[in-house]
Structure formats: structure tokens, C-alpha cells
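Residue numbers (this note's numbering): 134 to 500. Read through the structure below, which is laid out as C-alpha cells, and then see the notes.
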Ligand SMILES: Cc1ncc(C[n+]2csc(CCOP(=O)(O)OP(=O)(O)O)c2C)c(N)n1
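Structure (C-alpha cells):
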């Protein structure tokens with residue numbers, strides 16, 4: 134008999150049976166199917182976070198304040214949350230249900246898959262697997278166990294990307310005139326001269342290799358760690374001050390590493406140009422809105438952090454007209470580009486184009 138795939142509604146029904154009042158959440162491909170179901174539940178408060186390291190502390194505060202909170206995000210974010218797991222999950226004896234998307238499940242070549250369960254085991258965090266709707270009772274089981282043992286207990290959402298068909302689609306609003314990210318990247322590509330380009334994971338990593346004229350000067354999907362392109366780009370800019378370094382960032386990714394704006398401005402590398410494609414959504418995981426969408430200004434954040442030059446563009450022509458000047462200015466320069474929030478599924482980012490040793494050798498040639 135065919136197994137029934139996991140559906141957002143069944144998972145949520147089981148979560149509600151536990152009396153959960155708050156879900157602290159960052160989307161991912163594995164659990165994207167939960168978004169619509171969660172949004173349609175008025176008795177539930179969704180707390181979207183910018184980076185997973187915030188999730189356990191928020192849940193700890195909610196639980197301490199008398200609410201029934203749980204955490205929902207990807208296992209990659211669990212790696213990022215290590216110190217909160219230790220200090221607030223384990224030492225603070227937090228009765229916490231963790232629902233974690235399992236990147237790398239049954240994938241022998243994935244480092245996420247390789248290290249995830251051994252890491253949970255090393256921390257003594259009990260875990261259950263959720264593959265189909267028939268397994269959802271494991272959620273209540275895990276929650277009760279968390280309460281009884283005063284420890285976090287994890288439920289792992291296996292079967293990566295199985296839920297594509299019921300993902301959330303954030304439709305383009307009528308009259309929206311923002312530019313296409315590929316067109317914007319084309320402008321950057323034509324004016325890069327001999328700059329090194331560090332492309333964030335996600336849309337730009339998928340698009341950039343299609344248009345780049347100097348792939349040997351590009352670092353795409355690197356590191357394959359969401360949000361870290363800005364930090365990596367800073368390192369490159371400091372290491373090779375004679376060469377312009379371009380960071381191609383995304384809004385969700387930058388929110389995950391907002392402190393890097395301050396770190397970059399503080400070191401003030403004159404050779405750094407930091408582009409951010411602001412589409413207002415996590416496009417790669419199905420178009421869920423980023424926290425603060427419509428309220429925050431990335432240009433404002435960069436300006437107040439202390440970047441030397443800051444720009445924002447929502448028209449391709451304006452970007453075309455300004456790009457040459459931008460590339461010749463003394464940095465650090467920040468350029469926010471408002472792009473369309475297309476959310477149809479496109480292939481996942483390409484693989485990283487090298488490891489530390491091979492890329493270092495490649496870049497030695499130009500220094
Ligand atoms: C630490 C971490 N958390 C969550 C994810 C899951 N994830 C993969 S792509 C993505 C959305 C990326 O959105 P954004 O950076 O805005 O780029 P876009 O897809 O819109 O180009 C998320 C949340 C991840 N890969 N790593």
C-alpha cells in the first residue's frame with residue numbers, strides 16, 4: 134500500500150492536540166507545507182525569526198512566561214543554535230518540542246545528514262522520525278516526553294522536498310514594477326570588470342553561473358551555509374585588498390547575519406561592494422515573507438551601520454545608470470536592489486565550486 138505523504142494540516146492538528154500556543158519558526162523546504170496550515174489557525178501565534186539561533190531563547194521565554202511554545206525550522210538551523218541548545222535547552226531543563234526539517238535524510242553524500250543524528254545523540258536529545266501522516270502521533274509522544282523529562286525532544290521531518298505541491302505561493306501584486314533578479318545580475322556582470330564575486334546560496338547562486346563571464350573569479354553557493362556570504366566576502370576583501378570583491382546577497386540570508394553589516398562597516402574595506410536582492414520573501418523555500426517585510430529598510434540598516442556609500446534601486450534603468458560609478462567608488466558600498474518576488478520552484482542552488490584549498494590556489498594566481 135502507498136504511504137500517505139505528510140500534510141501540513143495533519144501535522145498541525147497533532148501540534149494543536151498538545152495545546153501549543155506559539156510556534157517559533159523559520160521556513161525551510163522540508164516544512165514549507167506547514168505555512169498555510171499555520172496561517173489559518175487564529176488560536177496559534179506564529180513567531181517568525183531572522184535566524185534560528187533566536188528560536189530556542191524565544192521559546193524559553195514564552196515557556197517561562199507560561200505559554201506552550203515549540204520550535205519549527207531546519208536541521209541546518211539547529212547546527213547554528215548550538216549554544217542555546219546547551220544553555221537553555223539542556224541546562225535550563227526546557228520542556229521543548231523541536232520540529233526539525235531533516236536535510237540530508239538518507240543521503241550519504243550530505244554532511245547535514247551525516248552529522249545531524251550523531252549530534253542529537255551526543256546531546257542526549259531523543260528524536261523521532263516523521264515520514265507520513267501515519268506517523269504524526271509521534272509529535273504528541275515527543276511533546277509529552279519533553280514535559281515529563283524536562284528536556285528538548287525532537288521530531289525530524291524526513292522525506293525532503295516531498296511537499297512541493299502544496300507550498301505557499303506569494304503571488305506578484307498587480308502593478309508591481311520591480312526588476313527581475315536575473316536582469317539586475319546581468320547589469321552587475323557587465324560592469325564587474327575583474328572583481329571577485331561571492332554569491333549567496335539561493336536565487337543568485339542559481340542565476341549567476343548562467344550569466345557570469347568570469348566563472349574563475351566567482352564563488353557560488355559558498356559557503357553553502359545560509360547567510361554567510363557577507364562574512365565570507367569580507368574575508369576575501371581583507372585578504373585581497375587590490376581586487377574589488379562583490380557580494381551577491383539575498384534579503385533572507387542577510388537577515389540571518391545582520392551583524393555582518395556592522396562587522397563590515399567597522400573594518401571598512403574600500404574594495405567591497407555588497408549587493409542585496411530584496412524580494413521580500415524566502416523564494417527558495419516557497420515564498421514565505423521575511424520578517425519585517427515592508428517595514429525595514431536594508432539601505433537604512435547599512436547606512437546606520439556605517440557603510441561609506443549606500444544605494445537602493447527599484448528600476449533597472451536607474452541601476453544601469455549608476456553601476457559604473459558604484460563600481461569605481463571607495464567602499465564599503467551597499468546596494469539594495471528591489472526585485473520581484475517570483476516564487477515558482479526553480480532548481481536548488483548548484484553545488485559549491487571548490488573547497489578551501491582548491492579555491493585558495495585559484496585565487497593565489499590573481500594576487
Ligand atoms: C541555516 C539555514 N536555515 C534555513 C535554511 C533553509 N533555506 C534554504 S533557502 C532559504 C530561503 C532563502 O531566502 P533568501 O535568502 O531571501 O533568498 P531567495 O531564496 O529569496 O533568493 C531557506 C530559509 C537553510 N538553508 N539554512
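Using N, Cα and C, we set each Cβ at its ideal position, and we do this for glycine too.
Taking C-beta atoms as the reference points, residue 337 and residue 322 fail to come closer than 7 Å. For residue 466 and residue 454, the gap between their C-alpha atoms comes out near 16 Å. Ranking 468, 411, 463, 394 by CA distance to the CA of residue 437 puts 394 first. Ranked by Cα distance from residue 410, the first of 203, 154, 385 is 385. The criterion of a C-beta distance shorter than 7 Å is satisfied by residue 275 and residue 230. Among the bridge pairs identified by DSSP, residue 326 is matched with none.
Secondary structure note for residue 442: its beta strand (DSSP E) is the uninterrupted segment 442-446. By the criterion of at least three beta-carbon pairs nearer than 8 Å, the stretch 142-151 is not in contact with the stretch 369-384. When secondary structure is reduced to three states using DSSP, residue 462 falls in the coil class, being assigned neither helix nor strand. Taking a C-beta distance under 7 Å as the contact criterion, residue 157 and residue 196 do not qualify as a contact pair.
Less than 7 Å divides the Cβ of residue 228 from the Cβ of residue 283.
Excluding its 5 nearest sequence neighbours in each direction, residue 445 has C-beta neighbours in its own chain below 6 Å: 432, 469, listed in chain order. Here DSSP, grouped into helix, strand and coil, assigns residue 405 to strand. A Cβ-Cβ separation of about 6 Å places residue 362 in contact with residue 382 under the 8 Å criterion.
By the CB criterion at 7 Å, residue 312 and residue 449 fall inside the cutoff. Under the DSSP definition of a beta bridge, residue 411 partners with 471.
When the alpha-carbon of residue 218 is set against those of 198, 271, 490, 188, the nearest one is in 188.
For residue 248, the secondary structure class from DSSP, reduced to helix, strand or coil, is helix.
CA-to-CA, the gap between residue 497 and residue 353 works out to about 18 Å. It is roughly 13 Å from the alpha-carbon of residue 199 to the alpha-carbon of residue 280.
Between residue 269 and residue 278, the gap from beta carbon to beta carbon reaches 7 Å or more. Residue environment for residue 165: buried (at least 16 other C-beta atoms within 10 angstroms of its C-beta).
Set against 6 Å, the gap from the CB of residue 335 to the closest heavy atom of ligand 1 is smaller. Cβ atoms of residue 377 and residue 435 stay farther apart than 8 Å, at about 18 Å.
For the pair residue 316 and residue 340, the CB atoms are not nearer than the 7 Å cut-off.
Separation of residue 390 and residue 261 (C-alpha to C-alpha, rounded to the nearest whole angstrom) is 30 Å.
With contacts defined by Cβ atoms closer than 7 Å, residue 246 and residue 234 do not form a contacting pair.
The secondary-structure analysis by DSSP pairs residue 372 with nothing; it has no beta-bridge partner. Collapsing the DSSP output to three states places residue 274 in a helix. Distance from the CA of residue 241 to the CA of residue 263, rounded to the nearest whole angstrom, comes to 19 Å. Counting only residues of its own chain and dropping the five nearest sequence neighbours on each side, residue 500 has a CB closer than 6 Å to the CB of 373. Within the same chain, and ignoring the five residues on either side of residue 243 in sequence, the residues whose Cβ sits closer than 6 Å to its Cβ are 237.
Sequence-distant partners of residue 226 (beyond 5 residues in either direction) whose C-beta falls short of 6 Å from its own C-beta, in its chain, are 283.
With 16 or more other Cβ atoms inside 10 Å of its own Cβ, residue 210 counts as buried. One thing to note: residue 326 has its Cβ no nearer than 7 Å to the Cβ of residue 456.
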